[in-house]
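This report concerns only the one structure given below.
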Amino acid sequence: MSAEVVWGGRWEHALCGASGVAVWDDEDTAASGHDCGLGGEVTWSAEWECHGCGARADDQFEDDTTTYSDHECADEDEGVAV
Numbered sequence: 013m014s015a016e017v018v019w020g021g022r023w024e025h026a027l028c029g030a031s032g033v034a035v036w037d038d039e040d041t042a043a044s045g046h047d048c049g050l051g052g053e054v055t056w057s058a059e060w061e062c063h064g065c066g067a068r069a070d071d072q073f074e075d076d077t078t079t080y081s082d083h084e085c086a087d088e089d090e091g092v093a094v
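In the working numbering, the protein residues as written are 13 to 94.
Spelled out as structure tokens, the structure:
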């Protein structure tokens with residue numbers, strides 16, 4: 013895991029309209045903690061960014077998903093300290 017990669021995103025529960033935002037580290041679980049009792053899925057729209065090289069990408073997934081950028085920073089491969 014690269015400590016340089018951080019995720020940020022927004023979750024939404026379509027049935028009740030609740031939503032929120034969060035920031036978490038790569039290889040951590042995105043969990044809204046939302047439980048209104050109406051059922052249905054909480055979905056996330058999120059983006060990760062590498063603070064070492066500036067690479068980024070976005071993704072969509074269900075709540076309680078462990079996120080993996082699978083990013084190998086070019087700076088790390090070349091042995092350059094960031």
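The beta carbon of each residue, even a glycine, is placed where N, CA and C say it ideally should be. Every value quoted in this text rests on a predicted model; they were computed, and no experiment measured them.
Asked	Found
Residues in the same chain with beta-carbon distance under 7 Å from Ala-26, minus the five sequence neighbours each way, listed in chain order, please.	Gly-52
Helix, strand or coil for Ala-86, going by three-state DSSP, please let me know.	helix
Would you please state the rounded distance, in angstroms, between the beta carbons of Asp-40 and Val-17? I believe it to be under 8 Å.	The pair is not a contact, with the Cβ atoms about 10 Å apart (cut-off 8 Å).
If you run the structure through DSSP and keep just helix, strand and coil, what is Ser-81?	coil
Mapping the DSSP letters down to three states, classify Ala-118 as helix, strand or coil.	Here the chain has residues from 13 to 94 only, and residue 118 is not among them.
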